[in-house]
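The sequence shown runs -18 to -1, 1 to 84 under mature numbering (1 follows the signal peptide of the UniProt record, and there is no 0). For each residue, glycine too, the CB sits at the ideal point set by N, CA and C. All values derive from a computational prediction rather than experimental measurement. First up is the structure itself, then whatever we jot down about it.
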Amino acid sequence: MKQLYLVLLLMVCSLGFAQESQATGDIEGFKLYPNPTINGKIFISTAQNAPKTVHIFDVLGTQVFQTTILGKEVNVSNLEKGVYILRVFEKDKVATRKLIIK
């Protein structure tokens, strides 16, 4: 009986670690600032500083903005005040964050 519990414990632990390893697709060194923004510009920096594709969605899931940047600056002055979902793609990694525009 103890062996059965040990086998079940090992299976649960290995399943938990397997799920953790799949969830590490976030961009290394990702920083989004200022958030909330009031001046119509945000800055996105990463460890690799490679070209990034930026998608911004409203709270209903409709894409309202898309651009590709080579540096760090993104002009969001054409967006209304509110809460948005920001999704950044860099090479084979992705980062998703909440963006607030005041």
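If we ignore side chains and look at the alpha-carbon of each, how far apart do residue i and residue j end up?
i           : j          : result
residue -12 : residue 50 : Its pLDDT being 48, under 50, residue -12 is placed unreliably by the model, and the measurement read from it follows with that caveat. So the alpha carbons of these two residues sit roughly 49 angstroms apart.
residue 67  : residue 19 : 14 angstroms
residue 36  : residue 61 : 14 angstroms
residue 4   : residue 78 : Because the pLDDT of residue 4 is 37, which lies under 50, any placement of that residue in the model is unreliable, and the question is left without a value.
residue 84  : residue 23 : 11 angstroms
residue 82  : residue 65 : 5 angstroms
residue 86  : residue 14 : Outside the shown range of the chain (-18 to 84) lies residue 86, about which nothing can therefore be said.
residue 63  : residue 40 : 11 angstroms
residue -3  : residue 21 : Bear in mind that the predicted position of residue -3 carries a pLDDT of just 48, short of 50, making it unreliable; the figure below should be weighed with that in mind. Their Cα atoms are separated by approximately 42 angstroms.
residue 32  : residue 71 : 10 angstroms
Closest by CA to residue i, which one among the options?
i          : options           : result
residue 69 : 18, 43 and 59     : 43
residue 8  : 82, 76 and 83     : 76
residue 74 : 38, 41, 34 and 39 : 34
Between residue i and residue j, which are expected to be in contact by the criterion C-beta below 8 angstroms, what is the C-beta distance as a whole number of angstroms?
i          : j          : result
residue 11 : residue 29 : 3 angstroms
residue 26 : residue 56 : 6 angstroms
Less than 7 angstroms between the CB of residue i and some heavy atom of the ligand SAH, yes or no?
i          : result
residue 74 : No copy of the ligand SAH appears in this structure; indeed no ligand is present at all.
Can you list the beta strand (DSSP E) stretches of 3 or more residues lying completely in the stretch 7 to 49, in chain order?
-> 13 to 15, 23 to 27 and 34 to 39
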